[in-house]
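Residue 297, in this note's numbering, is where the sequence shown stops; the numbers in between run on with no holes. All residues carry an ideal CB built from backbone N, CA and C; glycine is no exception. What follows is a set of notes on a single structure, which appears directly below.
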Amino acid sequence: MSRKGTWVGLALLGLGLLALLPGCASRPAAAGETTTTVASVIQNTGSDTLVNLALAWAERYMPAHPGVRISVTGGGSGTGIAALINGTTDIANASRAMKQEEFDAARKNGITPIEFAVARDAIAVVVNPSNPVNGLTLAQISDIYQGKITNWRQVGGEDRPIVLLSRESNSGTYVYFLENVLRLGQKSDILFSPDTLLMPSSEGISAEVRQNPNAIGYDGLGYVTSDQKVIAVAQDPDGPYVKPSVATVNDGSYPVSRPLFMITAGQPTGQVKDYLDWILRDGQALVVELGFVPLR
Numbered sequence: 002m003s004r005k006g007t008w009v010g011l012a013l014l015g016l017g018l019l020a021l022l023p024g025c026a027s028r029p030a031a032a033g034e035t036t037t038t039v040a041s042v043i044q045n046t047g048s049d050t051l052v053n054l055a056l057a058w059a060e061r062y063m064p065a066h067p068g069v070r071i072s073v074t075g076g077g078s079g080t081g082i083a084a085l086i087n088g089t090t091d092i093a094n095a096s097r098a099m100k101q102e103e104f105d106a107a108r109k110n111g112i113t114p115i116e117f118a119v120a121r122d123a124i125a126v127v128v129n130p131s132n133p134v135n136g137l138t139l140a141q142i143s144d145i146y147q148g149k150i151t152n153w154r155q156v157g158g159e160d161r162p163i164v165l166l167s168r169e170s171n172s173g174t175y176v177y178f179l180e181n182v183l184r185l186g187q188k189s190d191i192l193f194s195p196d197t198l199l200m201p202s203s204e205g206i207s208a209e210v211r212q213n214p215n216a217i218g219y220d221g222l223g224y225v226t227s228d229q230k231v232i233a234v235a236q237d238p239d240g241p242y243v244k245p246s247v248a249t250v251n252d253g254s255y256p257v258s259r260p261l262f263m264i265t266a267g268q269p270t271g272q273v274k275d276y277l278d279w280i281l282r283d284g285q286a287l288v289v290e291l292g293f294v295p296l297r
């Protein structure tokens, strides 16, 4: 298992156990004892792209704020937004902006969602290290994922079939890639090729790319490991062909980048506001450590 995968597993276990600690509930005070304070619990649910970063923020924040417990779970941007609409989470993590129909559903429930950009990310296109292809245009990537280009030879590679990997449709990364790469930012009904293999997690895409020389996938920059080859992407055949990095996201030269959001039900107050204020200030130091791009 990768270092990131191991860390996430341990962090999830640790955060899950926190919810079971006796300190999270009050008990009758014995004679001469001070009554135990009930901890405030912040529920934080959603984007699998953001889950590593959200876990790191929670782990860093809680020791300095012993009256707060933060429960972090993934499941995808759609899951987090649905939980916010249903009133079962305090903060929804999302790697895409909310859709109009989601705003409408929230307002029907008396909720006004407020989106906070908390970091930025590049979506990297990745292949097996043995693949000789180094660069692709956005149009070529679109054609590959639509099934119009089916052999690596068509884009300068070897005579091998292309194996398509994607996140599942509940993922905000899937939605962003569909709208901004497959559809090239245009109003369209273009869909992924039916031959596309939908993977349940970023780790699933990484594992398949590592073992399959014919595979192509995409993922958030923070999930790219050294045993994957990152493709340089160009807006058009005249270039330039640019690889994703903090620098190329900041200067706007990498064409597939996006903000990452935390969303609250109305303007945050109390402990939720304090936590978000900390993320937007001190918490930005962790953004770079985990491979994402901090806010300017």
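**Request:** Would you mind listing the alpha helix (DSSP H) stretches within the region 157-201 that are 4+ residues and don't spill past its ends, in chain order?
**Result:** The region 157-201 contains these whole alpha helix (DSSP H) runs: 173-178.
**Request:** For isoleucine 150, collect the residues of the same chain with a Cβ closer than 8 Å to its Cβ; drop the 5 residues on either side in sequence, then sort them by chain order.
**Result:** On the sequence shown, position 149 is the one that residue 150 refers to. Correct list, in chain order: Gln141, Asp144, Val156 and Ile163.
**Asked** When the Cα of glycine 77 is compared with those of Ser48, Pro64, Asp91 and Ser258, which residue comes out closest?
**Response** Within the sequence shown, the letter at position 76 stands for residue 77. Taking the Cα of glycine 77 as reference, the smallest distance to any Cα among Ser48, Pro64, Asp91 and Ser258 is reached at Ser48.
**Asked** Does the region 199-217 come close enough to the region 103-117 to have 3 or more Cβ pairs within less than 8 Å?
**Response** Result no; under three Cβ-Cβ pairs closer than 8 Å.
**Request:** Specify the secondary structure class of glycine 136 as computed by DSSP and reduced to three states.
**Result:** Position 135 of the sequence shown, counted from the first residue, corresponds to residue 136. In the structure shown, glycine 136 sits in a strand (DSSP, three-state: E or B).
**Request:** Starting from lysine 109, follow its DSSP beta bridges and name the residues at the other end.
**Result:** Residue mapping note: residue 109 aligns to position 108 of the sequence shown, counting from 1. Bridge partners of lysine 109: none, in fact.
**Prompt:** Which class does arginine 97 belong to by DSSP, given the choice of helix, strand or coil?
**Reply:** The residue given as residue 97 occupies position 96 in the sequence shown. Looking at arginine 97 - three-state DSSP - the assignment turns out to be coil, as it is neither helix nor strand.
**Asked** Do the region 282-293 and the region 223-233 meet, that is, are 3 or more Cβ pairs less than 8 Å apart?
**Response** yes
**Among Asn152, Ile112, Thr46 and Pro133, nearest to arginine 161 - alpha-carbon criterion** = Here residue 161 refers to the residue found at position 160 when the sequence shown is read from its first residue. Cα-wise, what sits closest to arginine 161 is Asn152.
**Request:** With a threshold of 16 other CB atoms inside 10 Å of the CB of glutamate 34, please say whether the residue is buried or exposed.
**Result:** One-based indexing of the sequence shown puts residue 34 at position 33. Confidence in glutamate 34 is poor, its pLDDT being 40 and thus under 50, which makes the residue's placement unreliable; the coordinate value appears in the next sentence. So glutamate 34 ends up on the exposed side.
**Request:** Report yes if the CB atom of serine 227 is closer than 9 Å to the CB atom of leucine 199, and no otherwise.
**Result:** Within the sequence shown, numbered from 1, the residue matching residue 227 stands at position 226. Within the sequence shown, numbered from 1, the residue matching residue 199 stands at position 198. Going by C-beta atoms, serine 227 is not nearer than 9 Å to leucine 199.
**Asked** Can you give the Cα-Cα distance for glutamine 212 and asparagine 129, rounded to whole angstroms?
**Response** Translated into positions along the sequence shown, residue 212 becomes position 211. Translated into positions along the sequence shown, residue 129 becomes position 128. Their backbone Cα atoms lie some 7 Å apart in a straight line.
**Message:** Given this structure, state the Cα-to-Cα distance separating lysine 230 from proline 241, to the nearest angstrom.
**Reply:** Here the question's residue 230 lines up with position 229 in the sequence shown. Here the question's residue 241 lines up with position 240 in the sequence shown. For lysine 230 and proline 241, the distance between alpha carbons rounds to 18 Å.
**Item:** Expected contact under 8 Å - CB spacing of valine 127 and tyrosine 219 to nearest Å
**Value:** In the sequence shown, the residue the question calls residue 127 occupies position 126. In the sequence shown, the residue the question calls residue 219 occupies position 218. About 7 Å; that satisfies the 8 Å criterion.
**Reference tryptophan 168, options Glu159, Leu179 and Asp91, closest by Cα** = Within the sequence shown, residue 168 is the residue found at index 167, counting from 1. A small correction: the amino acid at residue 168 is arginine; tryptophan does not occupy that position in the sequence shown. Checking every option, the nearest Cα to that of arginine 168 belongs to Leu179.
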